[in-house]
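Using full-length UniProt numbering, you'd call the opening residue of the sequence shown number 1 and step up by one each time.
Glycine included, C-beta positions come from ideal geometry on N, C-alpha and C.
Input: a single structure, listed below in structure tokens.
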Amino acid sequence: MKVTIVGAGNVGATCADVISYRGIASEVVLLDIREGFAEGKAMDIMQCATNTGFDTMVSGVTNDYSKTANSDVVVITSGIPRKPGMTREELIGINAGIVKSVADNVLTHSPNAIIVVVSNPMDTMTYLTLKATGLPKNRIIGMGGALDSSRFKYYLSKALDKPSNDISGMVIGGHGDTTMIPLTRLASYNGIPVSQFLSEDKLKEVFEATKVGGATLTGLLGTSAWYAPGASVAYLVDSILNDQKKMIACSVYLEGEYGQNDICMGVPCIIGKNGLEEIVDIKLNDAEKELFAKSADAVRAMNGDLKSVLA
Ligand SMILES: NC(=O)c1ccc[n+]([C@@H]2O[C@H](COP(=O)([O-])OP(=O)(O)OC[C@H]3O[C@@H](n4cnc5c(N)ncnc54)[C@H](O)[C@@H]3O)[C@@H](O)[C@H]2O)c1
Ligand SMILES: O=C(O)C[C@H](O)C(=O)O
């Protein structure tokens, strides 16, 4: 199975590294516009093969889309990341043009690919990709919820002082500092509601820390995070390529689900060989429904800025 990753920067290269290390795909092509950069990243990753023991063929190309032909999955990470103090939404002016032209290019050579959108503001870039390509909704998946959910479990694990892998939890809504909805009511520690172990105040702290998880890392690193984002994309790609049918919160096109229409935002999805295979309808309580509606208002307002790109 072949995966192309457009953008060989921090997230794209980390994703290629995790995919090859875990043997998720037989071939990975990294593509970037910076002369020689993707080639260098691919060479560096390939020089891990004998020490970490993988057989995936990773190659890099400078803007040559012919090398990406017949990819099963294309991941779009091209564009600029935010700097400390910025929101993801501020990236739209530059990233919208990049994402649209990249989506057109990849489809010319891989007309059947499933596209995973990572560039920010991710929900809006996912919507843009869907509208610009006209592809069916099962083939356009925005990655954000897998990452936000892993951060949620990290913060819960810290609060509980228990391992992250014993914790279950999901973040839905937009992938933004104010639009994420960590579902604290439904999170559990080995099947037991976390509310049995954590006070309301502690859960509120976890909720708030999760929402700004990306901003916190950006403040510490000077640019946005890449290890967990790259691993989260690889997790999603694994579920597609290996038809795992995992339930993963992803940004997908909604047509009435969760009371929303004509918008891409994070909801629980079954992800398999056809990409989005099902949107899972979990029963939200009134407070969660209200948060979801507010989150959708913010994402929709952002989508309004796409008019000139989509014209
Ligand atoms: N959805 C998420 O959960 C999530 C997580 C982390 C980062 N991101 C976003 O992913 C994007 C990339 O982040 P990063 O940290 O890897 O940035 P980065 O700057 O390290 O890498 C981006 C790469 O894109 C390349 N690029 C720019 N224009 C291109 C084009 N037209 N064609 C091909 N390549 C092009 C650049 O040369 C650069 O190497 C940012 O927009 C960031 O906000 C999203
Ligand atoms: O925080 C960012 O800007 C990058 C990404 O969306 C993240 O959540 O790490």
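Within 7 Å, strictly: CB atoms of residue i and residue j
i, j, result
"residue 155", "residue 231", "no"
"residue 170", "residue 149", "yes"
"residue 20", "residue 126", "no"
"residue 267", "residue 114", "no"
"residue 303", "residue 77", "no"
"residue 177", "residue 215", "yes"
"residue 12", "residue 54", "no"
"residue 157", "residue 188", "no"
"residue 143", "residue 116", "yes"
"residue 295", "residue 223", "no"
"residue 181", "residue 75", "no"
"residue 52", "residue 109", "no"
"residue 202", "residue 249", "no"
"residue 227", "residue 14", "yes"
"residue 16", "residue 32", "no"
"residue 212", "residue 265", "no"
"residue 88", "residue 120", "yes"
"residue 247", "residue 175", "no"
Residues that residue i bridges to, as DSSP identifies them
i, result
"residue 249", "268"
"residue 261", "255"
"residue 57", "27"
"residue 188", "168 and 193"
"residue 278", "270"
"residue 180", "173"
"residue 2", "27"
"residue 142", "117 and 251"
"residue 129", "Partner(s): none; residue 129 has no beta bridge."
"residue 76", "6 and 117"
"residue 297", "Per DSSP, none; premise fails for residue 297."
"residue 62", "32"
Anticipated Cβ contact below 8 Å, residue i with residue j, distance rounded
i, j, result
"residue 27", "residue 56", "7 Å"
"residue 258", "residue 140", "About 17 Å; that fails the 8 Å criterion."
"residue 3", "residue 73", "5 Å"
"residue 309", "residue 96", "5 Å"
"residue 1", "residue 241", "5 Å"
"residue 30", "residue 58", "7 Å"
"residue 341", "residue 84", "The question about residue 341 has no answer, for the chain in this structure spans 1 to 311."
"residue 276", "residue 162", "No, residue 276 and residue 162 are not in contact; Cβ-Cβ is about 32 Å, not under 8 Å."
"residue 306", "residue 128", "5 Å"
"residue 229", "residue 118", "7 Å"
Near ligand 4: residue i beta-carbon under 6 Å from a heavy atom
i, result
"residue 138", "Ligand 4 is absent from the structure shown, which contains only ligand 1 and ligand 2."
ask   = Counting Cβ pairs closer than 8 Å, one from the stretch 270-283 and one from the stretch 189-205, do we hit at least three?
value = Because the criterion of three Cβ pairs below 8 Å is not met, the stretch 270-283 and the stretch 189-205 do not touch.
inquiry  = Quick test of the definition: if touching needs 3 or more C-beta pairs under 8 Å, does the stretch 57-64 touch the stretch 75-90?
reply    = No contact exists between the stretch 57-64 and the stretch 75-90.
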